Amino acid sequence: ARRSLESAGASSSAKPAAQLVAAAKAPAQPSPGWHVDIQRVATRLQALDYTDQSFKAPLQLQLKNVNLNTAVRATLPAGGPAQIQANDLQLQLGALQLDSARQPLARWSSLQLGPTQISLPGAGAPRIQAGALNVDGLHAQVDLRKDGLNWARAFQSAPSAGSPTRPPGTASTAARKPVSTPDVHLKSVSLRNVSAQLDDSAAPASIRLDVIQGQASAQNLSLDLRKPVAVQVRFALKQGGQFSARGQIAPQPLAGHLQVQLQQLALVPFGSLLQPYVRLLLTSGAASAEGTVRLRATQGAVPQVDYQGSAQVDNLALVEPDSRTPFLGWRKLAASGMRVDSAPLSVAITDLQAVEPYGRIVLNPDRTLNVQAILLTRKPATPAPPAPVVVSKTGPAESPLPLALRIDRTAIEDADVDFTDQSIKPDFRVRMQKLSGVINGLSDAPDSSAQIALDGQVNDYGQAKVHGHLQPFRATNNTDVTLDFRNLDMASISPYSGKFAGRTIESGRLNAKLEYKIQNAQMQGDNKFTITRLKLGPHVDSPGAVNLPLDLAIAVLENSDGVIGIDLPVHGDLNNPKFSYGGIIWQAIVNVLTKIVTAPFRALGALFGGSGGQPPQDVHFAPGSAVLAPPEREKLQQIAEALLKRPRLQLQAPPTLNAALDTAALQHTTIRRQVLNKLGVAVPPDANPGPLDLGNARTRNAINALYLDQHPTSALDALKQSLPKDDKQEHPLLHAMLVQLAKSVVIPQAALNALAQARAKAVVTALTSGPKALPAARVQIGAAIKAAEPTQNGVVLQLGLATEAAAPAAALAPGPAPAPALAPQGK
């Protein structure tokens, strides 16, 4: 220590007294003060145990091997505050253990602080220029429970008796003095070999993560929280996954940017987060991401966050908890060109790729979907007010999604969808696999429309194509989608045919083109079905099945190539609470089949156009005749041509007569033949005698003789008297005589039956002969029937249609006809 002194002392020689007095009265010079330099200060502590009782739970700290080296210079000016400066300060700490209530919080292996300068200027703010701070082997224990975080609980102050609780180290407002903000600069902070155990027991199921191989560093730190700090972080998880980030962060207000990378983060440890929402188990999955996270300061405490980059989830598998049956998953779901914003919440993706996604849908025996059992409904603690519905000025309500979504292109590769219907027995199952294609323009914007083009496989050898456009979040507003199915195995839908139609399906192939347009919740559908080689199986006892002769309907619809073509337009109002797509389709099918089986000839009429507006199955005969007129022969040729295209159909020509018309016609024919016999003209029994020439005197004499042979002269006189005076008919008496003669003729039933049989055989002959003849085995003479109501064209014979199994062949050889039936058959 040095001190220099100056005095006004006298010299050794004598001086005048006045000079001595003046010298004694002169003021002394101010003292320059003291300078103290300590070249080296070294502190060694082998161990330090510290317990702080000011917290609610005692905080214990154990520290080993404290080494401090520095050089100190102190300046003590006269009359002023002391100035102290520590130069080249170096600090080394050994192992540290921090506990709260004997529960571990943190520990490290060692800490080193590089050369540091500390300046305490006295009246000014302290200044610290710290070197590099290195911490090695840091381990933290983080435990989140329902009562909070263990670190927050550890630093809760203990309540003091008789005074308000105040955080430790704080003074009352009255005693607080303004303190200058120190100027602190830290060259760098480096954390090496960081690890942590994170336990979350507040979740429905405990979550544990083990952080390993952690490294973190920051450069050029200060107490100016607005200044950006360069940071780097990387660590791995013992459960699987690695994370790294580098960039700049300004602490207050929180802002900056980070380049982040996440590699194969195992998702299974987070599976319990699903439990409040779905009844599913997450058995596998790994997430990856790479991009830039930007933090932007806002007026509030929470910054605006956005992410730009890519994200990917691999090998996701969700299974049902009881059966461990797969429910949903994929091999890869990758998004590129991704942007996520927090305010407002939005997601935009340039390209989304889904590789081998799969899903399983089950209709349970009670007709509920497995999705309903998987989703868990959460009842709010208090009733929430209804959310306002924002309606645009030009269209429907705003997006139902909680975020704005846009995906420019979605590529699907080898999707697999499995559907099972357990509400019918046996169970129905269809699997759509290898479904690939693209969906472009997926968005929640009201005026957007997603374009779809997908192609896949159904079961083993079927094909499915989907193309068109729709708004997936407003599908009832604007949808135009075509579904094209080819080569589907009809046997797979046998459970449905058994339930609704009462018949199983043994074999057959189905092509279906389904076109649906929806505008403002009004659906218009155009369904075209093509079925090849359909073969029905045995009957099924189903209470809800329609009672229709399906064999006949199929025989009418199926052409010579074994192909059935059906056009099935449907429409419906989706706003109707009773709307059911399946119900509409089934009702349309029932209507088509009903029309076919009740009027099969009308269904066939499209093949040959009918005849003059008459029912195509009606064949007309003149009363008392079995001769086919040329128009009727043409009609039968057209029917034969149509049936050649329907090889499973058989035709029935029932012997038909009209008792009144045919009897009267035969009676008149008999009388004309008798008159001709009187004239000496012999007419064969099966020949038509033709009309009588009443202008011929010999004919008139023959009629008169024939009448008097059967009636007395008085009867003839009475007949003359009964004729009207104004009868303008030529030869009215002769006509009256012929009528009375005809009424007296008795036509035996055998003759009527023979006529009916002859008509049936004439139809059979016309159908089985000619250039477009039907095989004889496909035309039978059915049971005799009473003719339909007569028309101006005469007696009507109605043809019947049946299938081979339903119509056993009748003998075509001549023989007695069966008794006429009382009602028409065979429609």
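Numbering-wise, the working numbering puts 341 at position 144 of the sequence shown, and it's gapless, one number per residue.
Just so it is clear, CB atoms sit at the ideal spot from N, CA and C, and this is done for glycine as well.
As the structure is a prediction and not an experimental result, all values here were calculated from the model.
- Exposure of D234 is indicated by the presence of fewer than 16 other C-beta atoms within 10 angstroms of its C-beta.
- Every beta strand (DSSP E) of 3 residues or more that sits fully in the region 260-303 is shown, in chain order, as 280-290 and 293-297.
- By the Cβ-count criterion, P828 is exposed, with fewer than 16 other Cβ atoms from all chains shown falling within 10 Å of its own Cβ.
- For T676, the uninterrupted beta strand (DSSP E) segment begins and ends at N675 to D686.
- Note that the C-beta distance between A981 and L994 is not below 8 angstroms.
- Between the region 421-440 and the region 493-510, the count of C-beta pairs closer than 8 angstroms stays below three; the two stretches do not touch.
- In the three-state reduction of the DSSP assignment, Y474 falls in the coil class.
- The beta carbons of R237 and N264 sit about 13 angstroms from each other, so the pair does not count as a contact at 8 angstroms.
- DSSP, reduced to helix, strand and coil, places N708 within a strand of the structure shown.
- Per DSSP, the unbroken alpha helix (DSSP H) holding V960 starts and ends at Q946 to L964.
- The Cβ-Cβ distance between V961 and V976 falls below 8 angstroms.
- In its chain, beyond the 5 residues on either side, A861, Q864, H865, T867 and I868 have a beta carbon closer than 8 angstroms to the beta carbon of A939.
- Excluding sequence positions up to five before and after I793, its CB lies within less than 6 angstroms of the CB of A750, V753 and A800, all in the same chain and listed in chain order.
- Here the C-alpha atom of L790 lies approximately 19 angstroms from the C-alpha atom of E703.
- Spatial neighbours of K725 in its own chain (CB-CB distance under 6 angstroms, excluding positions within 5 residues in sequence) are listed in chain order as K710 and D764.
- For A650, the uninterrupted beta strand (DSSP E) run begins and ends at A647 to V655, by DSSP.
- When the alpha-carbon of A254 is set against those of G311, Q309 and A349, the nearest one is in A349.
- L560 and Q654 have their C-alpha atoms roughly 21 angstroms apart.
- With contacts defined by Cβ atoms closer than 8 angstroms, V872 and T896 form a contacting pair.
- Collapsing the DSSP output to three states places P882 in coil.
- According to the DSSP secondary-structure assignment, F697 is paired through a beta bridge with no residue.
- In the DSSP assignment, H232 falls within the unbroken beta strand (DSSP E) covering W231 to D249.
- CA-to-CA, the gap between N893 and E927 works out to about 13 angstroms.
- Around D624, the same chain offers T617, D618 and P692 as residues with beta carbons nearer than 8 angstroms, after the five sequence neighbours per side are excluded.
- DSSP, reduced to helix, strand and coil, places G468 within a helical segment of the structure shown.
- According to DSSP, P766 shares a beta bridge with D723.
- Nearest in C-alpha terms to G291, of all of S689, V824 and Q243, is Q243.
- With respect to the 8 angstroms criterion, P669 and S757 are not classified as neighbours on the basis of their beta carbons.
- Residue state for D380 is assigned as strand, using DSSP reduced to three classes.
- Between the alpha carbons of L513 and P450 lies a distance of about 38 angstroms.
- Straight across, the Cα-Cα distance linking D770 with Q719 is about 5 angstroms.
- By the Cβ test, the region 309-326 is not in contact with the region 340-356, since fewer than three Cβ pairs between them sit closer than 8 angstroms.
- Annotation: the continuous alpha helix (DSSP H) that includes R895 extends over A894 to Q907.
- By DSSP's assignment, Y658 forms no beta bridge with any residue.
- Linking L295 to G411 through their CA atoms gives a straight-line distance of about 19 angstroms.
- Here L889 is not bridged, per DSSP, to any residue.
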